[in-house]
Amino acid sequence: MQGVPPDADVSFAVLGPLEVRQDGRRVEIGGRRLRALLTLLLLDAGRTVPTGALVAGVWDDSPPGGVGNALQALRNTIDRGLVAADPSGYRLLVAPEQVDVHRFLRMSREGARALEARDPGLAARTLGEALALWRGAPLADLPGGALEVVRLEGARVSATEDRIEAELALAQDVVSELTRLVAAHPLRERLRGLLMRALYGSGRQVEALAAYEDARAVFAERLGADPSPSLAELHLALLRGDLPRTGLPYGAATAAPDAAAHDGAPATRKGNLRARLTSFVGRDDEVLQARSLLGENRLVTLLGPGGAGKTRLAVESAEEFAVEVRDGVWLVELAPVLDPEEVSRAVLAALGMRDTGLVRVRPAGQGVEADATARLMAALSGRSTLIVLDNCEHLVGAAAALADRLLAECPGVRILVTSRRSAGPARPPQSSVRLRGSSPVVGSSRKSTWGRPTRLAARSRRRRMPPE
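In this note's numbering, the protein residues as written are 113 to 580.
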């Protein structure tokens, strides 16, 4: 890439092996470390990547003695005109649109918005183009990028689900593809719901019912849990022969806090937590402490490294607390969400409100994301509910901002957060109960962050709850 002119047509691809093209011709990038460095910079195209992150990504645990000189040599190999250096790190001087991963994420968002706007034709085309950018395993030249790979693969499956949702609305045959996808991702409930609907729409009601029984057996064996209320309600609709109208996204018929009131739907079990089939052995004290915090505070955060059991502790604690909130407990899985601007939409989706047919008024000058947040505030205003924001570590700023706004505008909402990283609303005071492993240690803190990722901690903010 030496000597690339500033006006050259350069594109980059990381959704597969690293590929660089200049004016349509492929440019060879030699050297494992150089390819890893370029991949890291491309993930944050146009933004400065801290030197420490580059060192960890390129050399892992064995950086050379002269790290600065080594990075400078790599920079020179890529091209001085494309890489800028400053005291905090390095920045690739290219636009995100020149990188396939950023185009994929943008088009995935646009496709999801088209689906929400009831334009399945546009959604299917846009999402199809986005998914066509994938050439193989993502970030293949970044050995230490396992976490980012998981998130990108999750975004790919989500985009595929949206595309199939659109194709179902267009009465296309997607049964074969869904059968393969369910086999590859047996715990993805949305895929199973789509398969049930596709089979039913093809006149194969018995097979659709069998697909639900298969889901129930797999979830019981692997998770010790029943299917979620959304999937169970879809099953009941199949039995009654009264599926929602064509094109209604899976989950929209769930008894979300706002949906039943507007649609006249009968009351069902509130929330989307699965029914428990197994006990949470050995963590009773932690569940009791977290549940106690939820009773006294409107914001509770559990922090700790991967594998510490944050999600299970959060779910068990939320289940114990469910009787205290009349509009249910709603789990929002944020691990596959890559864009901070998508957090509000993820919460709406968890509530079963991606497309409920509600009237939406968008103030002049506001974009789609502002509209999503406004819809969320309107839906939860006056409701008594617990929102569980799971796996926020890569979205701490956006999750904290949303939590802050929910606490300010929706006095009946409580929030339970799990994360590996610290961040959070900046309004003190906060109290904390730190849970180290399985032995709780009671302490206190006045810091306004959510804590450090090296421990499992519960942090809370006290706010008076309105009377029921």
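We put the beta carbon where it would ideally sit given N, CA and C, even for glycine.
Buried or exposed: residue i, going by 16 or more other Cβ atoms within 10 Å of its Cβ?
i: Leu127; result: buried
i: Ser342; result: buried
i: Asn181; result: exposed
i: Ala229; result: exposed
i: Ala515; result: buried
i: Asp212; result: buried
i: Arg352; result: exposed
i: Asp439; result: buried
i: Leu348; result: exposed
i: Gly223; result: buried
i: Val99; result: Since the first and last residues shown for the chain are 113 and 580, residue 99 lies out of range.
i: Val437; result: buried
i: Arg138; result: exposed
i: Glu260; result: buried
i: Arg221; result: buried
i: Leu290; result: buried
i: Asn188; result: exposed
i: Ala420; result: buried
i: Glu345; result: buried
With DSSP run on the structure shown, which of helix, strand or coil describes residue i?
i: Thr366; result: Here Thr366 scores only 38 on pLDDT, less than 50, and its place in the model should not be relied on; the value that follows carries that caveat. Three-state result, Thr366: coil.
i: Ala196; result: strand
i: Ser404; result: helix
i: Thr446; result: Position check: residue 446 holds Leu in this sequence, whereas Thr was assumed. DSSP places Leu446 in coil when its eight states are reduced to three.
i: Leu399; result: Reading the sequence as shown, one finds Val at residue 399 and not Leu. Three-state result, Val399: helix.
i: Ser493; result: coil
i: Ser340; result: coil
i: Leu205; result: coil
i: Leu507; result: helix
i: Gly158; result: coil
i: Leu528; result: strand
i: Asp502; result: strand
i: Leu519; result: helix
i: Leu411; result: strand
i: Gly383; result: strand
i: Glu333; result: helix
I'd like the list of long-range same chain contacts for residue i, defined as Cβ closer than 6 Å, with 5 residues on each side in sequence excluded.
i: Ala368; result: Only weak support is given to the placement of Ala368: the predicted model assigns it a pLDDT of 41, under 50, and the question is left unresolved by the model.
i: Leu492; result: Cys522 and Val525
i: Arg328; result: Pro339
i: Glu123; result: Note that residue 123 corresponds to Ser in the displayed sequence, not to Glu. Cβ within range, chain order: Arg133 and Gln210.
i: Lys422; result: Leu414, Gly416 and Thr530
i: Val441; result: Gly383, Leu385, Ala430, Ala434 and Leu498
i: Ile276; result: Val286 and Leu306
i: Glu131; result: Ala125
i: Leu154; result: Phe124, Val126 and Val211
i: Glu140; result: none
i: Leu293; result: Leu303
Closer than 8 Å by C-beta to residue i: which residues in its own chain qualify, once you throw out the five before and the five after it? Chain order, please.
i: Glu273; result: Arg300, Arg302, Leu303 and Leu306
i: Gly233; result: Ala278 and Leu282
i: Leu311; result: Val287, Gln317, Glu319, Ala320 and Ala323
i: Val427; result: Leu385, Leu443 and Val500
i: Gly76; result: Outside the displayed span of the chain (113 to 580) sits residue 76, for which this structure offers no information.
i: Arg159; result: Arg203
i: Glu505; result: Ser531, Arg532, Arg533 and Pro565
i: Asp172; result: Pro255 and Gly256
i: Leu205; result: Gly158, Gly193, Leu194, Val195 and Ala196
i: Val262; result: Ala447
Residues in the same chain with beta-carbon distance under 7 Å from residue i, minus the five sequence neighbours each way, listed in chain order, please.
i: Ser456; result: Glu481, Ala484, Thr485, Leu488 and Leu514
i: Pro162; result: Ser200 and Gly201
i: Glu581; result: The chain is shown from 113 up to 580; residue 581 falls before or after that span and cannot be answered.
Does the segment 164-175 come close enough to the segment 263-270 to have 3 or more Cβ pairs within less than 8 Å?
no
Just checking, does the segment 448-455 make contact with the segment 506-519 on the three C-beta pairs under 8 Å criterion?
yes
Minimum length 4: unbroken alpha helix (DSSP H) runs contained in the segment 240-320
258-281, 287-296 and 301-313
Per the contact definition of three or more C-beta pairs closer than 8 Å, is the segment 427-439 in contact with the segment 394-403?
yes
Report yes or no: do the segment 139-146 and the segment 194-211 share at least 3 C-beta pairs separated by less than 8 Å?
no
Minimum length 3: unbroken beta strand (DSSP E) runs contained in the segment 118-147:
122-125, 131-134 and 137-139
Counting only runs that start and end within the segment 417-464, where is the beta strand (DSSP E) found for 3 or more residues in a row?
441-445
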